[in-house]
Every structure is written in C-alpha cells, then in structure tokens.
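Trainee: Once you've had a glance at the structure underneath, I'll fire off some questions.
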Amino acid sequence: MRPGTQLLQQPTVQGSQVSRGGPSLLQRITKPKWYFKQQEAAIHNAATPLYQLPNEILLMTGTHLSPYAKLLLRQTSQRLSHVFVPPAGFFPLNEHSPEIAELDKAQPVKPGMRIWCSACHTRHPASLFSADQRASPNSLRRRCVPMGGKVRLCAHHSFTYDEVQKGLTSRGFQCQDTSHAAPHWPESLRKCPKLWGSARVYAETAFSLASVSKGDIIDMAALKEVLATFDEPLCPHLSLCDPIIQNLVGMLVKERNSGLLKWWRKEERGCTHDRVGNPACLQWHHRLTDEVDFTPAQGAWISDAASMDCEMIDWGLPGSRPRVFGCACDIRVYMRRTPGTEVEEMIMTVDRHWDHTSATSEQWLDTVGYEWPEGHSVRKPRPRTGHGGSMHSQKPIWVNLEGKEESEWWNERGPEYEGFKKADLLA
Numbered sequence: 001m002r003p004g005t006q007l008l009q010q011p012t013v014q015g016s017q018v019s020r021g022g023p024s025l026l027q028r029i030t031k032p033k034w035y036f037k038q039q040e041a042a043i044h045n046a047a048t049p050l051y052q053l054p055n056e057i058l059l060m061t062g063t064h065l066s067p068y069a070k071l072l073l074r075q076t077s078q079r080l081s082h083v084f085v086p087p088a089g090f091f092p093l094n095e096h097s098p099e100i101a102e103l104d105k106a107q108p109v110k111p112g113m114r115i116w117c118s119a120c121h122t123r124h125p126a127s128l129f130s131a132d133q134r135a136s137p138n139s140l141r142r143r144c145v146p147m148g149g150k151v152r153l154c155a156h157h158s159f160t161y162d163e164v165q166k167g168l169t170s171r172g173f174q175c176q177d178t179s180h181a182a183p184h185w186p187e188s189l190r191k192c193p194k195l196w197g198s199a200r201v202y203a204e205t206a207f208s209l210a211s212v213s214k215g216d217i218i219d220m221a222a223l224k225e226v227l228a229t230f231d232e233p234l235c236p237h238l239s240l241c242d243p244i245i246q247n248l249v250g251m252l253v254k255e256r257n258s259g260l261l262k263w264w265r266k267e268e269r270g271c272t273h274d275r276v277g278n279p280a281c282l283q284w285h286h287r288l289t290d291e292v293d294f295t296p297a298q299g300a301w302i303s304d305a306a307s308m309d310c311e312m313i314d315w316g317l318p319g320s321r322p323r324v325f326g327c328a329c330d331i332r333v334y335m336r337r338t339p340g341t342e343v344e345e346m347i348m349t350v351d352r353h354w355d356h357t358s359a360t361s362e363q364w365l366d367t368v369g370y371e372w373p374e375g376h377s378v379r380k381p382r383p384r385t386g387h388g389g390s391m392h393s394q395k396p397i398w399v400n401l402e403g404k405e406e407s408e409w410w411n412e413r414g415p416e417y418e419g420f421k422k423a424d425l426l427a
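Encoded structure:
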C-alpha cells in the first residue's frame, strides 16, 4: 500500500441471499422428480443389508432362486442386474434383429436354461426339448417335445397336441378300420377307438382277447402266449404283454376256472318291453341270473370284471391324491356270452382321459412321455410288473328312464300295480 492511501471498507449487503448462509446457485435450480427418487434410492441402497453382501454370496443365493425370481431382481435392482446376468436367449428374440439372432446362435444351449418355443410362443426348460432341437442353430424355429409328441389312439392314428385341440371343436374322431369291429358285437359294445371331449379329452377302445367253450378250463400259460403276440399299447405306460396285465387277466381266469365267477344278464340294446316300468319289465330286469326270456336280441351274459388303474397314487405324500406314476387309464377285462350259445369271449375295455389345458401340463406329459428316452427327467415310466387290480361286480343297477331311484319310483307309481307284491316284482 502506497503512503497516503487509505483502506476502504468493502460494503456488505444486508439481508441479501448472497450472504454466506444462503443457498448456492446449484441449489436454487429446480430439480425434476426423478432426482429426488434417485436420492432416496441411494440412501435406501446404502442402508440395505443385501447390498452390503459381496457378489460371491449373492451368486450362491441365486442358485436357490427360480428363473422368474431372478428376472424380477434384475428388473428392480440396477446392481443385481449386473450380478444375475441373463443367459443368451432368455428374453423373446426379435427376428428382425440380426445381431441378437447371431448372438443366440453363437452360444450353446445349457441344460439349466430356458429355450424359446416357436409353437407355444413362450419359454420352456431345456429338458422339454430334444437333443436335435437344443442343437438347432435356428433358435426361432425350436419346438418342444410336448408339441411334437403324439398320443396314440390305435395302430392307425396318432394325434399331436394341436390336432387334438382342433378335433375338440368338432364332434371328435373315430377310427373306422374294420380290424376294430367284431361282427357279432352289438353297436353298444363296438367301441371303435375314438377321441372326443372339450376341456377333458376321452379315448376308449375295446377288443377281444380270446374265446373258449363254456365249461372248459382256460390254460393260463397258453393265454399268456396269445397276449404276448399283441403289440398294441393300452396306454403310454402299459401293454398287453406286460406281466402286470397278464396278472390282471389271470385274476379273472382264476375266478372262472374255480367256478366262483358270477354272471349277469345285461341288456345291450333298448328295452324290448311295451312300456318301461310295467310289471313285466320290472320282473325281467330284476331276474339278473335267470335264463328265461333272455334272447340275443336283448343282450348278452357278462361276468364280473377284473379291473385296474394305470395311475399309481402315493397316499403317504402330502396333498390330495399325489400321482407318482402312470396316467388316468381304466382297464377292465371280463367274459361275455351270447344267450343260447356255448362260447364265452374274453373282452378288454380301455378308457383313458386327460385334461387338455396346455402342452406342458403334467397329464399331457404323461400321455406322450414315452417319447423321451429312458432315464429322462421328464419321463416317469410306470412299473410293468407286480400285482395290480381287483375283482369288481358288474351287476346292473336298475334305474328307470324317469331318472329316479328304485325306492323313489315305487313310492310314486306303486299304486298302479295293485295286486302285485313289491317283493315279487323286485325279487
């Protein structure tokens, strides 16, 4: 400072915002809403214990999470999106993007990843694809095995999932091959293989196993040789040549050879009486073991049946009726004889059904599960040996056409039969 100069005091602004305690220029700028959300997220992340864990522990935790849970973590957390990196082809591909398509082709499909199915338009586990489909370079044309697998109706026709679904909108399908029709059977017994239903699909068939003269003893060893010649599967899990089916047939043969097999007359056509419910009709329908007034035009004699289910239930597991092996298939074998003849015929009927909900449902996988090789995680082969099934009575339960039970019907219409005793009519 030169001599003679004077230090002037700098003026201060009283009450001005430029003072030391006021906000800065950056603080005076209006912030968008996302700025405050980022601040809240940063404070939350800093205090969250999960974010304090190292990546190694997070990766170990991720091995116990489902693919869907990992997807949610990636979408809601920026850091976890870098930890749980999605595998190639996890998201639906854009066929108009050559770069993404080439990236998906360049990386091999791993067993634990999910693959895009062009038929279902969704992702499935890699185990639902065949080895050829997993190795296919065209990732946009891969098809899962359930969509390509077929359910076999008979030796002449098989149907894919789409074909079954289209058939459900119509009146169903029935195989008209002459090999299924027995000329001596009535129409009610000629169960040509057919497929019908809506949300639940039904498939049924019936065929003759053998014939024997009335009173002759059936040689089970010879019958097993005959059954071994049948290569037609009863369902995806069982066939006639399986020991468990031969044991089921042997159960019926044992009852017949011992003379303990019960027979009932069964009306296989419409009622031949003048009026359903009149005294003559009542007496005829309740003479279940009487040869009188029973002609081939009315029906045939049928025996009690040996029956079994392919479905195997583990009642010890939690939950209601957990199925372990097999499918919903009812197998029934019985004897039939036309009135006035001495020939008894062994007949087997097979009734199958499954819920037609999706190609990856458990019931459809059981239906086409034989497409997979032995030991595959999806395939659940049913044991083909052992003893299954039991004898069941096929005694007809008489219910009149009015849809009422016997006692209810008698209370309403009994007065019409004055002079008849109820015990005589219903004996």
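Under UniProt numbering, think of the first position of the sequence shown as 1, with each following residue one higher.
From the three backbone atoms N, C-alpha and C, an ideal C-beta is built for every residue, glycine too.
Note that this is a predicted model, so its numbers are computed, not measured.
(1) If you count every other CB in all the chains shown that lies within 10 Å of the CB of A359, and 16 or more means buried, which is it?
(2) Would you identify the three-state DSSP class for H157, choosing helix, strand or coil?
(3) Should W34 be labelled buried (16 or more other beta-carbon atoms within 10 Å of its own) or exposed?
(4) Shortest alpha-carbon distance to E255 belongs to which of I244, C235 and I217?
(5) Might you give, ordered along the chain, the residues of its own chain that have their beta carbon closer than 8 Å to the beta carbon of D242, omitting 5 neighbours on each side?
(6) May I ask you to list the residues that DSSP assigns as paired with D309?
(7) Could you check what DSSP says for K37 in three-state terms: helix, strand or coil?
(8) Look at the Cβ atom of R114, then the Cβ atom of P67, and state whether they are nearer than 8 Å.
(9) Using the beta-carbon count (16 or more within 10 Å), is H180 buried or exposed?
(10) Which residues in the same chain have their Cβ closer than 7 Å to the Cβ of S118, if we skip the five residues on either side of it in sequence?
(11) On a Cα-Cα basis, can you pick out the residue from E56, P146 and F173 that is closest to H156?
(12) Tell me whether F129 is buried or exposed, calling it buried when 16 or more other Cβ atoms sit within 10 Å of its Cβ.
(13) Buried or exposed for P54, going by 16 or more other Cβ atoms inside 10 Å?
(14) In the DSSP output, what is A206 paired with across the bridge?
(15) Would DSSP call C281 helix, strand or coil?
(16) Using the three-state DSSP reduction, which class does R74 fall into: helix, strand or coil?
(17) Quick check on L153: buried or exposed, where buried means 16 or more other Cβ atoms within 10 Å of its Cβ?
(18) According to DSSP, is P49 part of a helix, a strand, or is it coil?
(19) Taking DSSP's pairing of strands, which residues face M391 in a bridge?
(20) Under the assumption that I331 contacts L248 (Cβ atoms under 8 Å), give the Cβ distance between them as a whole number of angstroms.
(21) If you follow the alpha helix (DSSP H) that W364 is in, where does it begin and where does it stop?
(22) Ignoring anything shorter than 4 residues or poking outside the stretch 206-242, list the alpha helix (DSSP H) runs there in chain order.
(23) What is the residue span of the beta strand (DSSP E) that R123 lies within?
(24) So, for C271: in the same chain, excluding its five sequence neighbours on each side, which residues have a beta-carbon less than 7 Å away from its beta-carbon?
(25) Name the one or two DSSP bridge partners that V343 has.
(26) Given a cut-off of 8 Å, decide if V343 and A305 are closer than it, judged by their beta-carbon atoms.
(27) Can you give me the start and stop residues for the alpha helix (DSSP H) that R114 sits inside?
(28) Please report the straight-line C-alpha distance between A297 and P125, rounded to a whole angstrom.
(29) Quick check: what's the CA-CA separation for E40 versus Q52?
(30) With DSSP run on the structure shown, which of helix, strand or coil describes Q174?
(31) Can you check which of these residues, A206, V253 and T63, is closest to S390 by C-alpha distance?
(32) Considering Cα atoms alone, identify which of V83, L59, S77 and V368 is closest to L238.
(33) As a quick exercise: from A135, R265 and T349, pick the residue whose alpha carbon is nearest that of E204.
Mentor: Quick answer:
(1) buried
(2) coil
(3) exposed
(4) I217
(5) R384 and T385
(6) D330
(7) helix
(8) yes
(9) buried
(10) L140, R141, R142 and R143
(11) F173
(12) buried
(13) exposed
(14) T349
(15) helix
(16) helix
(17) buried
(18) helix
(19) A306
(20) 7 Å
(21) E362 to T367
(22) 220-228
(23) T122 to P125
(24) C281
(25) S213
(26) no
(27) No alpha helix (DSSP H) holds R114; the beta strand (DSSP E) holding it covers R114 to C117.
(28) 57 Å
(29) 17 Å
(30) strand
(31) V253
(32) V368
(33) T349
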